[in-house]
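K.L.:
This is the structure, below, for whatever I ask next.
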Amino acid sequence: MTIKFWPSLQHIACVRIAQGILYTFDLEHLKRSLLGGLQNTEYIEPITKKIFEIVLPAYCATFSRSTAARKSSEEAKFVHLPPQIKRQLGGVIFSLGLEIKLWYECHRFIERNYNLDLRNKLSWFSFGVIDRLETARNFTQDEDFYIGHRFHLACKYCFDDDVQMLWRNMSMSDRINAMKLIPRTRSIDLYLKTLHGKISRNWTEISRNERRSFFLGNSIGIRSYFTKLRGPKLKYLCICFAFGSGMAHQYDIYSCISLLKDAELNDMLTRMSTTELCELFKNFLRWPFQTMFLDIVNDFQRYIDKDIFYCVVQFILNYKLGMGFEDHMYIKNFERFWNLFSSKYEDGFKKEVALYALAEYVLESSKDYDAEQYRHLVDVYFPD
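According to the working numbering, the sequence shown is numbered sequentially starting from 162.
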């Protein structure tokens, strides 16, 4: 059983256009504006305007068996993007904005009224996700950035060599100040032990002796150290603590799960509680993995019970569609997920009157779905 994400060329092209639009704005201001909520940001109107201004050339052409030639430039015409593509592009920009917002919220510990130079520091995967590991390296290797914050980032992301190097280069006052600012976790305590002893971190020893306490407050750097862990139980604990932390990015969690062997994956799924399984399915409903959500559902059908059905349905209805993510296959995902399991769980779900009303609306209007009408229903049924 292999879990692999393969974005389409259309997806990558759409991300590239969306990023180009997003980067026409001041990212330092944008990151703060986004904290007030994506739908309420002042950038919605100018972003929408830029999407509507995009035009594509449409040429009158004549074709022969072996050649295709464009006629004179006078025959060139320009057309606006189809409505469906406009919605899709708007949704991608929306998701990239959310990426910046979430990155900023997880890294406020390095913010001290700095211009973070996000335009040059943020590193992106081609499919529209911030590469947090590479972005952290961009900051830790920037000698103009405060060394205390560089050290903090190196510890958070488990950059063992950078932790050692930065500690050597820090003055005594910088070290004292850093220790005041950095929250003490088991991982930090282990780093201090190696720094004071001038020894390298021993991951074999960590895998043998450390358990739950090591992962508390240590989820941001999961992708950096996951491959160094030994044994399926420790890998299971690592992933489950990442789910519960609220700090680990969905790509980092996916990246770790995709490295598991079949036996390790089965072992993990067997160990997982209902809450943990629910977080697993929700992870594959987050950008950009919603395209593979139904494949995950088909592979792991036997783990979906009434509680997980309720959890997934609630997540799509209240969070994804409620926030306006109709562009990203969530209606199709909801429809097919519902059809797979409704015969077993719909009767019980009807007791949730408000949620069931939202589900009925999505199912009955899937072809002419109106996002504004849906959000109105959400406000009516869930006024708080």
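Don't be surprised by glycine CBs; every beta carbon is placed ideally from N, CA and C.
From a predicted model like this one, the values you see are computed outputs, not experimental measurements.
To which residues of the same chain is D323 closer than 6 Å at the C-beta, ignoring the five residues directly before and after it?
P.N.:
For the purposes of this step, residue 323 is taken as residue 162 along the sequence shown, with counting starting at 1. Excluding sequence neighbours, D323 sits near T301 and A315.
K.L.:
Could you check which residue in D529, A518, Y491 and M484 has the C-alpha nearest to that of R536?
P.N.:
Position 375 of the sequence shown, counting from 1, holds the residue named residue 536. Per the Cα distances, M484.
K.L.:
Output needed for D321: all residues of its chain with C-beta closer than 8 Å, excluding positions within five of it in sequence on either side, in chain order.
P.N.:
Taking the sequence shown and counting its residues from 1, the one referred to as residue 321 is at position 160. Excluding sequence neighbours, D321 sits near S361 and R362.
K.L.:
Please name the residue in F510, N338, L242 and S348 whose C-alpha comes closest to that of C472.
P.N.:
For the purposes of this step, residue 472 is identified with residue 311 of the sequence shown, where counting begins at 1. Nearest option by C-alpha distance: F510.
K.L.:
To the nearest angstrom, how far is it from the Cα of I164 to the Cα of K422?
P.N.:
For the purposes of this step, residue 164 is taken as residue 3 along the sequence shown, with counting starting at 1. For the purposes of this step, residue 422 is taken as residue 261 along the sequence shown, with counting starting at 1. If I take the Cα positions, the gap works out to 10 Å.
K.L.:
Would a C-beta distance cut-off of 9 Å place N281 and N299 closer than the cut-off?
P.N.:
Stepping through the sequence shown from its first residue, residue 281 is reached at position 120. Stepping through the sequence shown from its first residue, residue 299 is reached at position 138. Result yes, Cβ atoms of N281 and N299 sit closer than 9 Å.
K.L.:
Among the residues of its own chain, which have a CB less than 7 Å from the CB of F186, if the five just before and after it don't count?
P.N.:
Taking the sequence shown and counting its residues from 1, the one referred to as residue 186 is at position 25. Y204, listed in sequence order.
K.L.:
Can you confirm whether the segment 422-439 touches the segment 467-482 when touching is taken to mean that 3 or more C-beta pairs between the two stretches lie within less than 8 Å?
P.N.:
With a cut-off of 8 Å, the segment 422-439 and the segment 467-482 count as touching, because enough Cβ pairs lie within range.
K.L.:
Report the rounded CA-to-CA distance for I400 versus Y542, giving the unit in angstroms.
P.N.:
What you label residue 400 is simply residue 239 of the sequence shown in a count that begins at 1. What you label residue 542 is simply residue 381 of the sequence shown in a count that begins at 1. So the two alpha carbons sit approximately 35 Å from each other.
K.L.:
Starting from the C-beta of E525, find all residues in its chain whose C-beta is less than 8 Å away, skip the five residues before and the five after it, and write them out in chain order.
P.N.:
For the purposes of this step, residue 525 is identified with residue 364 of the sequence shown, where counting begins at 1. Same-chain partners within the cutoff: there are none.
K.L.:
May I ask which residues mark the beginning and end of the beta strand (DSSP E) holding K282?
P.N.:
Mapped onto the sequence shown, residue 282 falls at position 121. That residue, K282, is in no beta strand (DSSP E); its alpha helix (DSSP H) goes L279 to K282.
K.L.:
Taking 8 Å as the cut-off, does the segment 242-256 touch the segment 167-186 (at least 3 CB pairs, one atom from each stretch)?
P.N.:
The segment 167-186 vs the segment 242-256: in contact.
K.L.:
Using the Cα positions of S225 and P168, report the straight-line distance between them to the nearest angstrom.
P.N.:
Against the sequence shown, residue 225 aligns to sequence position 64. Against the sequence shown, residue 168 aligns to sequence position 7. Because the pLDDT at S225 is just 45, under 50, the model does not fix this residue reliably, and the point stays unresolved.
K.L.:
Mind checking whether W448 and Q411 have CB atoms under 9 Å apart?
P.N.:
Your numbering for residue 448 matches position 287 in the sequence shown. Your numbering for residue 411 matches position 250 in the sequence shown. Closer than 9 Å, so yes.
K.L.:
Here's a check: name, in chain order, each residue in its chain whose Cβ is nearer than 7 Å to the Cβ of S416, leaving out the five neighbours to either side.
P.N.:
Numbered from its first residue, the sequence shown carries residue 416 at position 255. Only R384 meet the Cβ criterion.
K.L.:
Entirely within the segment 356-407 and at least 4 residues each: give me those alpha helix (DSSP H) ranges in chain order.
P.N.:
For the segment 356-407, whole alpha helix (DSSP H) runs of length 4 or above, ordered along the chain, are 364-370, 373-376, 383-386 and 393-406.
K.L.:
Only counting runs of 3 or more residues, tell me where the beta strand (DSSP E) segments fall wholly within the segment 417-442, in order along the chain.
P.N.:
Correct list: empty.
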